Structure formats: C-alpha cells, structure tokens
Amino acid sequence: MNVRRFMAVLRKEFIHILRDPRSLAVVFLWPVSMVFLYGYAITFDIREIPLGLLDQDRTAASRALARDLTASGYFRTAEILENRGDLSAGLMRGSFKAGLVIPPGYGRSSGRDGDTHVQFIVDGSNANTAQVAVNYLRMFCAVQTLAPGDAERNAGIGALPVSVQPRVWYNPDLKSSHFIVPGLVAVVMMMICVLLTSITLVRERETGTLEQILVSPIRPAELVAGKLVPYILIALLDSALVVLFSIAVFGVPFRGNAAFLLAAALVYVFCALSLGLLISGRAKSQMVAMMASQVLTFLPSLLLSGFMFPIASLPKPLRALSSFVPATYFLKIIRHVMLKGTETAALREPFLFLLAFGLVVTMAGIRQFKLRLED
Amino acid sequence: MQSAIEIKDLVKRYGNVTAVDGVDLTAAAGEMTGLIGPDGAGKTTLLRVLCGLIRFDSGECRLAGLDANRQTAAVRAIVGYMPQRFSLYPDLTVAENLRFFADLFEVSADERNRRLERLLKFSRLGPFSDRKASALSGGMKQKLALSCTLIHTPKVLLLDEPTTGVDPVSRREFWDILSELRGQGVSILVTTPYMDEAGRCDRVALMHKGRILLTDKPADVPKLFRNTLVEVECGDPARFAKALSGSGRFHSVQAYGDRIHVSGPEKAESLEAMIRATLAETGAGKPGRIGRIRPGIEDTFVELMAE
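Protein sequence lines, in the order shown, are assigned to chains D and B.
Going by this note's numbering, the first residue of the first sequence is number 1, and it counts up by one from there.
Going by this note's numbering, the first residue of the second sequence is number 1, and it counts up by one from there.
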C-alpha cells in the first residue's frame, strides 16, 4: 500500500464528485428528500377516521359516548345518520369508513353488569385502516369502562375480572415516524453508497481510463481504498444529516451514545461501499451496475430488514435471507441507540456481524479486481 | 546493446480468434518503429501484450529484456503506453491529470513540478494547464495523453494510433515531439494508418492478419516491389477502381484521391492497354493519362497484402 498513490486516487475521486452536479445531487439532496417523503408518507398512524353515527338511544349517555369517541382525535363524525339504510348506503358511497350504532336502551344498560352493547361496522376494503379503526375502538371501549369520574360507569369496574393498563415504552405515542425515520438512515445510506461506488470502477472501464491506470504500478488495494474513503466520508456526513433532520423535523428522540452510533455507521457504510465495489468490478456497464445495486440493496433493505415489516412476520426462507442483509443489523442498532438508549454492550452482536460482512466483501472485491484487461 | 523490444513467435488468441499469430519483431534501443496495417490486423493487441495489459499464449515477448507476462510490474515501470482511445479524466484539468499520473508513478514532489513544467512547455499546453481535458481540441488531447505517459520518463514508449482524427498541423507537431523524444534516447513503437508518418520512422513493420509481413527501413521498403506500377488519372476514381479490380486481371488496384494505382507483372505498355480495354468493356468511361511511376511504401504494402 503506497500512500502517494492512494492519496492520488482519493484526490481524483473527490474532484469527480465535486465537479459532477448529478453526484452532488445524489449525495446531498437525495437523503433529505427521502427522509421527507418517507417520514411523512409512510405512516401507520391513522387519525380522524370519518365516522357515521347512528344514535338510536338519544340519551345523555349515548351523546357522551359519541362525544368522547370523537374527542380522542382518532375519529371524527362525518355524518349523523337517521336509520340503518343510511348506514349501509354511506359505507357503500365511502362518505365514512366506519359506522357506530348505539342501540336503544344503551343509556339504561350502560354501567350495569358489563352488559352494554354498541355496534361498530367498518369498511374492510382497506384492511389496514379497518384493523387500525377496530383497535382504536377496542382501546377506547376499554378506557371508557375503566375511566373514573362517571359514577354510573364506575360501578362497572368491579365487573371486569382483569384490568389491563397498557403503557408503551420508548415511543409512548406509538408515532410511526419515530420508528420509520431512524430506519431510513439505514436504507438511504445503503442505497447511496452502493449506487455511487458501483458506478466508479465501471465508469473508468467504459471511458478507457482504467486501461491507462492499469499500466501504472498501482496495486488493487490502493485503487480500491482510494475509491472507498471519499465515499465513506460523504456517507458519514449524510448519516449525520439524516439523523439531525429526523431529530429537528420529526422530533425523534436521541437517547443513546452518539459515538457508538457513529462507529456503527462507519462499519455499516464500509459494508455498503464494499458491496458497491464488488458490483462495480463485475458489471459490464454503468447501466448494469446501477440496476444491480438497486436490486441488491433497495428491496432487501426496504422489505427484509425489518424497516417496514417485522422480521418475525416474514415467511421462514425470507427470514433466513434477512440475516444476510446488513441493513437488518444497522437498523437494530440505530433504533436501539436513538429510541431506547440501549447499552452498547447489548448491541455487540449486530455490530460484529456488520464488521465481518464488510471485511469479507472487501476481500472479495479486491481479489476479483484484475490488473489486466481480460483473463 | 540490448534490444528495446524483442518478440519471437508470439501468439495471442481470444477464444477461437487468433489476434496475433506468430509475430517476430525486434527493435533496437533508441529506435522509432512504425507498426502499420489495416484495422483488425492485431496492432492494438500486440501493444497491449507488450505492456502487460493482456497475457500472451505462447512465444516470447520482452521489453528491455523484461518478460511481459511474468515481470509485469517491472515492465510497467519502464514503459509508457498511450491507448488508442483518449483515456484521461475529462473532468480533471490538464495539470490535475498530469499530477495524478505523476503520483501514480511516485514521481517526487520536486521532480514532479520540474517535469510538469517541462512537459507543458514541450507539448505547448502551458497556457491551458487549468483547462479541463474535456475542453481541449483533438490535437491537444493527444499531446496531453502523451505528456501523461511521459511523466515517469519511460524507456520504451508504445503509442496506439496517436494521431488518428487529429488535424494535419497538429499531426506534424506531434511527430516533431516524437522525433525529439527519440533524440533523447527513448525507444518508440507507434502504430499509424498514415503512410506519410511511416516515412518518419527508423523502421516500419507491416502487420496483416496477426502476422508481420516485413520489417525494413522506410526507404528500402519500395525496393521489395516486384511488379510494374502505373498511375491512372481519372474523374471518378471510386467507379474506375471498382471496374478495374472487379475484372480480376490486375495484381492490385488502389485509389488515391483522383488517381488509381494499378500493378501487375506485365510491362507498363501492356498494363496500360489492359486498363484502357477493361475500362472500355465495362463502360466505366475514358481514363486520362496513364504512366509508370515509382512505388511508395503503401504500394509495396498493398502488393504484399494482396499475395
């Protein structure tokens, strides 16, 4: 490893990036716009579900129920209904997603023997919304039954055999942005690093500059390192940018050790870059390199890493696959560090995996790199 | 004195295609050798083998005594190779490109500045040192590429069609630079499609279908011409040449500008009669003056390749 040659490649790579507006856009605009898009668009929080209300009881108690339900913010009264016909017609039209029927006699039975019934009808054509609406209502009813203050309802507490009082730790409001945005660091880093590095070597081959470099005494390690380091620096800068963004814009907490996260990010970026170089050494054209890096990084990081869907809910073969996706491990680390402030010792395993992955792939990348044009 | 280039029975195959098929070529140190031949003759492959970019299959290939296959690192330290395609970084300036290659070859900082200055002066690129390579003219690009391959003062220079697509004035200037380099003792192997450039070499080698047909001093090449050569003046050389070569009566037919060179074993007078008869029969038209001329390098090569 010769420092002069390494520095020469490093300096040249920086010039390439800084003089190419497209690279600059990928490096700086892309991560920020991804955070905005994903942070706001991918959300599992559903609020203000439009509700059709059919109050057949018309007592103080039924009105109180309807008021409390909409006061939660999860539902809003879209329509006051006169009869059941309106209810089915409204659901069909889509004027509301859920209907609440308070039957006659609700006020009378309420609070007695736990034998109070209301009917809740949900539009199941969007299963996700329907599920969320049902869950909200269940929680609401549980709280209603337990809620102190109303003498009549208080009488009902004794009727419940077990009282459940759920508390959610680390993310008490269950905001999905707190869950999504840190994970986004993992996805964005992987995509950018692999994309940028996968192009670098192929571009040199396409423009013929590789032929010119290869007749110099350069060693593969010098060329590879000189190409990796600038992107490592850029990627770390990007990660910091995204983390700061998620704190400032989405109010994501940062409870853990920043130095540890930086170290983990460094190792993670190293994994991504070595993967990019491996692709770059293989691909015949810049186009192929770009496609390969998208297929190999974007989808696995998005779908198999636990970024959006829990790994535990994946079918078995995919679960096995997910343990080979670096994003899986970094995702675990960054969520733990930011949301839980977990002790670093507990994250040793994912950290070591990332390190091993990066080393293996880099070795493969250097090995397959050729100092000749063919063979 | 050690030969700069020593090639014996060199073979290089790509799958079923034999690109270099038993080449013998030697060049003395300090000599400028011109490698001439049509596209696909194997010239580029030969140069790539010489600088260790591709392995050869059999035979011998040495540069300044070093084996191109096995002593690749040592070969690369003494060789300067300029590929046919412009292969510098278009987004780097002239000075940045030169500096990059100086660093790759570990030229010390002091020495680098001295050489940079000298090369910029020598290539007359000084006023453009801060210009991006992409903004240079064709001739300037080639001079920059040459300067980059000279940064480590190589002993042997391998140039692959360095002046193709370059305007005539820049071409002449480029060759003046090459002559200057040879004067400094650099051995040069250069491929070129231009015959006038071949004349400036110490020796020329004709390559055809992976073989070297002959190697000789440019002045001696025409002596190998065995047939009679006549020049036909005419209005439409392409049509006339087609009619003549289509007849199959002549050894070689080659169009040059508004003239056609025709060769054959017959005497000049009978050759002239045959040409007039053929043109009349095919209805190609009436030619102008026809007369015997002395063959040049290219005529000799055309004759050799026709055999």
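Glycine residues also receive a C-beta, built at the ideal position from the N, C-alpha and C atoms.
Quantities reported herein were computed from a predicted structural model and do not represent experimental measurements.
DSSP places Ala240 of chain D inside the alpha helix (DSSP H), whose first and last residues are 220 to 250. In the three-state DSSP reduction, His16 of chain D falls in the helix class (H, G or I). Contact of Pro83 of chain B with chain D is assigned, a C-beta pair being separated by under 9 Å. Here Val221 of chain B really is in contact with Ile297 of chain B; their C-beta atoms are around 5 Å apart, less than 8 Å. Note on Val3 of chain D: under 16 other CB atoms within 10 angstroms of its CB, so exposed under the neighbour-count rule.
The continuous stretches of alpha helix (DSSP H) do not include Cys61 of chain B, which lies in the beta strand (DSSP E) extending over residues 58 to 63.
Membership of Lys217 of chain B in any beta strand (DSSP E) is not indicated, and neither H nor E is assigned to it by DSSP.
Not a single CB atom of chain D sits nearer than 9 Å to the CB of Cys61 of chain B. Asp258 of chain B counts as exposed, since fewer than 16 other C-beta atoms from the protein chains shown sit within 10 angstroms of its C-beta.
Put simply, the CB of Ala8 of chain D is near chain B, with a gap under 9 Å to one of its CB atoms. Residue B:Gly210 holds the alpha-carbon nearest to the alpha-carbon of Asp24 of chain B among B:Gly210, B:Pro218, B:Glu269, B:Ala255. Counting C-beta atoms within 10 angstroms of its own C-beta, Val295 of chain D has fewer than 16 neighbours from the protein chains shown and is therefore classed as exposed.
Distance from the CA of Phe301 of chain B to the CA of Phe174 of chain B, rounded to the nearest whole angstrom, comes to 25 Å. With a threshold of 9 Å between beta carbons, Asp91 of chain B makes contact with chain D. Looking at the DSSP output, Glu96 of chain B sits in no beta bridge, so it has no partner there. Sequence-ordered contacts of the stretch 284 to 308 of chain D with chain B are nonexistent [C-beta pairs closer than 9 Å]. Pairing Gly80 of chain B with Thr93 of chain B, the inter-Cα distance amounts to about 21 Å. Along the length of the stretch 256 to 300 of chain D, whole alpha helix (DSSP H) runs at least 4 residues long occupy 258 to 282, 286 to 293, reported in chain order. DSSP places Ala68 of chain B outside any alpha helix (DSSP H), giving it a letter other than H or E. In the same chain as Leu304 of chain B, and ignoring 5 residues on each side of it, the C-beta atoms closer than 7 Å to its own belong to Leu206, Leu213, Leu214, in chain order. Its chain contains Gln2 as the residues whose beta carbon lies nearer than 7 Å to that of Gly65 of chain B, once the 5 sequence neighbours on both sides are disregarded; these appear in chain order. Under the three-pair Cβ rule at 8 Å, the stretch 234 to 253 of chain D does not count as touching the stretch 114 to 133 of chain B.
If only complete runs of 3 or more residues are kept, the stretch 162 to 235 of chain B shows the beta strand (DSSP E) at 187 to 191, 203 to 208, 211 to 216, 228 to 233, in order along the chain. The C-alpha of Ser187 of chain B is placed about 14 Å away from the C-alpha of His152 of chain B.
Apart from the 5 residues on each side of it in sequence, Ala95 of chain B sits with its Cβ closer than 6 Å to the Cβ of Ser129 in its chain, given in chain order. Ser125 of chain D sits in coil when the DSSP states are folded into three classes, being neither helix nor strand.
For a Cβ distance threshold of 8 Å, residue set Thr209, Gln212 of chain D lies close to Leu88 of chain B, ordered along the chain.
Nearest C-alpha to Ile49 of chain D among D:Leu261, D:Leu91, D:Ala98: D:Ala98. Listed in chain order, the alpha helix (DSSP H) runs fully inside the stretch 59 to 87 of chain D are 60 to 71, counting runs of at least 4 residues.
For a Cβ distance threshold of 9 Å, residue set Asp91, Leu92, Lys132 of chain B lies close to Arg19 of chain D, ordered along the chain. By the C-beta criterion, the stretch 266 to 283 of chain D is judged to be in contact with the stretch 196 to 207 of chain D, since at least 3 inter-stretch pairs fall below 8 Å. The Cβ-Cβ distance between Ser274 of chain D and Leu331 of chain D does not fall below 9 Å. Between Glu211 of chain D and Phe6 of chain D, the CB-CB gap reaches or exceeds 9 Å. Excluding its 5 nearest sequence neighbours in each direction, Ala66 of chain D has C-beta neighbours in its own chain below 6 Å: Leu53, listed in chain order. Distances from the CA of Ala219 of chain B to each of B:His208, B:Leu229, B:Arg203, B:Glu60 were compared; the closest alpha carbon is that of B:Arg203. Checking the DSSP bridge columns, you'll see Pro50 of chain D partnered with D:Arg76.
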